[in-house]
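Worksheet for the structure shown next.
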Amino acid sequence: MPDLPTPQDAAEAALFSECWDAVLSYADLCTSGSLTANQLATEAFTLGMREAREADFAPVRSSGRRAARLPMIPLLLTAVRNTAATWEAGGLGHKLDPDLRLWLNSEKAARYTGPPLQRPVALRGLRDMQEADASLLWLAEVEALPLSSVARRLGLDQSVVTQELEQVRGLFRDRCHRAHLDTPMEAECRSYARLLDAVTRSSAADTPDDLSRHLATCVQCAEAAACLRLHGGGLPAALAGGVIGWGGLAYLERRRRAAEVRLGAGRPATADNDGGEPKESGGRGKVLRHGLLGAAVLISLVALGVSMMPMGGGSGDDTAAASHDDRQPVADPTAAVPSADPAATHTASASAAPSSSATAGKPGHKNPDPEPQGTSSATASTGHHGTASAGPTAHAAAGCQVSYDLVNQWTDGFQSTVTVTTTQALTGWRVQWSFRDGQKVTQMWDATVSQNGGRVTADAADYNQSVAANGTLSFGFLGTWSGSNSAPYAFTLNGASCSLN
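Each residue of the sequence shown is one higher than the one before, counting from 66 in our numbering.
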């Protein structure tokens with residue numbers, strides 16, 4: 066296993082410390098054990114830094130710009146994915162997560178190495194931006210860093226960073242729109258391109274029924290819609306899923322938790338070692354290489370460790386990855402990790418997260434959804450065996466009534482809205498129901514969705530968490546059906562049963 070590259074100067078050493086825990090977090094998703102995660106992360110980090118250095122010394126093109134490349138963190142995450150693909154091709158696939166191996170041998174993975182114009186829109190849009198702008202967007206949206214920290218990292222004026230971010234979001238949208246138009250597509254997709262651009266520009270614009278049906282069945286256009294729709298909170302998921310690929314949404318959830326720890330009580334006040342090292346499970350008593358990252362990495366370890374604890378808060382299958390990943394946090398490759406008792410029991414507290422506890426699932430099972438769909442984002446979760454994790458931090462509904470409206474229905478799909486009236490004020494909400502006839506939700510707006518069998522969970526979006534007493538909340542969704550499409554039943558709000566109007 067190669068050693069980490071030696072920093073060329075103090076600036077690069079600081080860059081190493083900022084990027085390592087992100088690389089290690091994604092490598093842990095991709096592998097079957099913590100030691101293997103360190104091996105994959107180290108090899109990928111070395112590969113990514115070599116590519117970055119070669120790009121820095123590449124000749125400037127006649128246009129005055131260097132060849133387009135991803136910002137540093139997504140560049141290194143891409144290196145993790147590429148290194149995993151090399152392992153699979155070289156007979157080391159048994160070290161990787163089984164679901165990742167399936168993905169690596171599918172057409173979804175081929176998109177990332179195939180013809181450039183057929184690669185995901187988010188990947189092409191981010192790569193086409195100036196590196197400083199792309200870094201600002203990634204750090205703020207995917208790494209979930211506070212804007213003050215982003216400003217310090219990028220050398221920006223904190224007083225204007227919010228305005229800069231808004232401009233960069235618009236720039237990303239324009240790049241993605243151009244990339245979508247450049248993509249070879251079917252005639253039907255081409256006919257909807259202009260309409261898709263129009264309806265995603267405003268949160269008040271209604272999506273026509275025919276476009277909604279098209280987005281429910283066309284991954285390519287739904288992927289573009291997620292990048293073009295800057296409102297609704299779906300941009301981070303579109304970026305993570307489109308740029309990273311497999312496990313993008315699970316990675317997004319981990320980074321959000323890591324950012325919360327840095328901002329909360331979990332962050333050490335200093336870089337001293339008085340607080341001790343993170344607890345490790347047995348079998349990792351190996352001393353892992355030189356002290357490259359220093360005190361800054363010790364801080365990142367605390368955030369990373371909490372981010373890997375099983376807890377609720379993902380979208381779809383990505384949440385299953387987060388809430389059932391009951392392996393120990395992986396170790397920093399610069400720290401000496403003492404041996405632990407192999408029989409030690411792994412425990413994790415969900416109190417470090419904004420959501421409450423997740424249901425226990427099959428150890429080590431992960432099945433992240435690599436494709437961003439519509440406006441869904443990584444904030445909903447259900448248990449591996451159909452048991453929903455505890456709802457958001459909010460008061461349970463004292464009384465609620467649900468109105469389910471079938472807006473439209475066609476041969477194999479339908480559109481519906483759900484409106485819930487609650488007698489009690491809410492600071493967060495989760496609505497659940499069951500389908501009788503095998504219906505599947507394919508896209509949801511004004512809430513984030515996950516589904517296990519016939520049981521559907523809709524969690525509040527970031528912008529509509531609060532509901533006044535005797536107020537209403539509502540959201541809509543698209544779904545598929547076959548044979549019969551009867552109305553759902555067993556509606557609950559934050560676990561309390563609701564009457565159906």
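Note that the Cβ used here is the ideal one computed from N, Cα and C, for glycine as well. All of these numbers come straight from a predicted model, not from anything done at the bench.
(message) Under 8 Å: do the segment 284-291 and the segment 515-530 share three or more Cβ pairs, one atom per stretch?
(response) no
(message) Three or more C-beta pairs under 8 Å: does that hold for the segment 302-317 against the segment 189-206?
(response) yes
(request) Excluding the 5 residues preceding and the 5 following N473 in the sequence, name in chain order all residues of the same chain whose CB lies nearer than 6 Å to its CB. (result) D274 and Q480
(message) I need the straight-line Cα distance from L135 to T143, nearest angstrom please.
(response) 9 Å
(request) Helix, strand or coil for R495, going by three-state DSSP, please let me know. (result) strand
(message) In this structure, how does DSSP classify S441 when only helix, strand and coil are distinguished?
(response) In this prediction, S441 scores a pLDDT of 36, lower than 50, which makes its location untrustworthy; no coordinate-derived value is stated.
(request) Report the partner residues of M509 according to the DSSP bridge assignment. (result) F542
(request) My understanding is that N559 touches W475, with C-beta atoms under 8 Å, so please give their C-beta distance in whole angstroms. (result) Not quite, the Cβ-Cβ distance comes to about 33 Å (not below 8 Å), so this is no contact.
(request) Excluding the 5 residues preceding and the 5 following T537 in the sequence, name in chain order all residues of the same chain whose CB lies nearer than 7 Å to its CB. (result) T484, V485 and T486
(request) Tell me whether A523 sits in a helix, a strand or coil according to DSSP, three-state version. (result) strand
(message) Only counting the same chain, and skipping five residues up and downstream in sequence, which positions put a Cβ closer than 7 Å to that of W152?
(response) G158, K160 and L161
(request) Tell me whether D477 is buried or exposed, calling it buried when 16 or more other Cβ atoms sit within 10 Å of its Cβ. (result) exposed
(request) For the beta strand (DSSP E) holding F479, just list the boundary residues, first then last. (result) G478 to T487
(message) For C254, report the span of its alpha helix (DSSP H) as first-last.
(response) A252 to V264
(message) I'd like to know whether the C-beta atoms of D527 and G298 end up nearer to each other than 8 Å.
(response) yes
(request) Confirm the yes/no value for this check: CB of M114, any heavy atom of the ligand NAD, distance under 7 Å. (result) Because no ligand of any kind appears in the structure shown, any question about the ligand NAD cannot be addressed here.
(request) Label D271 either buried or exposed according to how many other C-beta atoms from any shown protein chain fall within 10 Å of its C-beta, with 16 as the threshold for buried. (result) exposed
(request) Mind checking which residues open and close the alpha helix (DSSP H) that includes A281? (result) D274 to T282
(request) Grab me the residues of T227's own chain with a C-beta within less than 7 Å of its C-beta, minus the 5 sequence neighbours each way, in chain order. (result) L212
(request) Leaving aside the five residues before and after G240 along the sequence, list all residues of the same chain whose C-beta is less than 7 Å from its C-beta, in chain order. (result) Looking at the sequence itself, residue 240 is Arg, so the reference to Gly does not match. Contacts found: G190, D193 and M194.
(request) Grab me the residues of D339's own chain with a C-beta within less than 6 Å of its C-beta, minus the 5 sequence neighbours each way, in chain order. (result) With a pLDDT of only 37 at D339, under the threshold of 50, the placement of this residue in the model should not be trusted, and no figure is reported.
(request) Mark Q223 as exposed unless 16 or more other C-beta atoms lie within 10 angstroms of its C-beta, in which case mark it buried. (result) exposed
(request) Using a threshold of 8 Å, state whether the C-beta atoms of V233 and D198 are closer than that. (result) yes
(request) Could you spell out where the alpha helix (DSSP H) holding A216 opens and where it closes? (result) L212 to L219
(message) Residues in the same chain with beta-carbon distance under 7 Å from A555, minus the five sequence neighbours each way, listed in chain order, please.
(response) W498 and S499
(message) If I follow the unbroken alpha helix (DSSP H) through V186, where does it start and stop?
(response) V186 to R192
(message) Based on DSSP bridge pairs, tell me the residues matched to T227.
(response) Bridge partners of T227: none, in fact.
(request) Determine the contact status of D149 and L167, defining contact as a CB-CB distance below 8 Å. (result) Before going on, a small fix: residue 149 reads as Ala here, not Asp. No. Outside cutoff.
(request) Can you check DSSP and say which residues form a bridge with V467? (result) V485 and L565
(request) Can you have a look at T488 and say buried or exposed, based on whether 16 or more other CB atoms are within 10 angstroms of its CB? (result) exposed
(request) To the nearest angstrom, report how far apart N566 and F237 are at their CA atoms. (result) 43 Å
(message) Quick check: the Cα distance between L280 and A258, rounded to an integer number of angstroms?
(response) 11 Å
(message) By DSSP's criteria, N529 is part of a beta bridge. Which residues make up the other side?
(response) For N529, which the question treats as bridged, DSSP gives no partner whatsoever.
(request) Would you kindly check if the distance between the Cβ of Q504 and the Cβ of L543 is under 8 Å? (result) no
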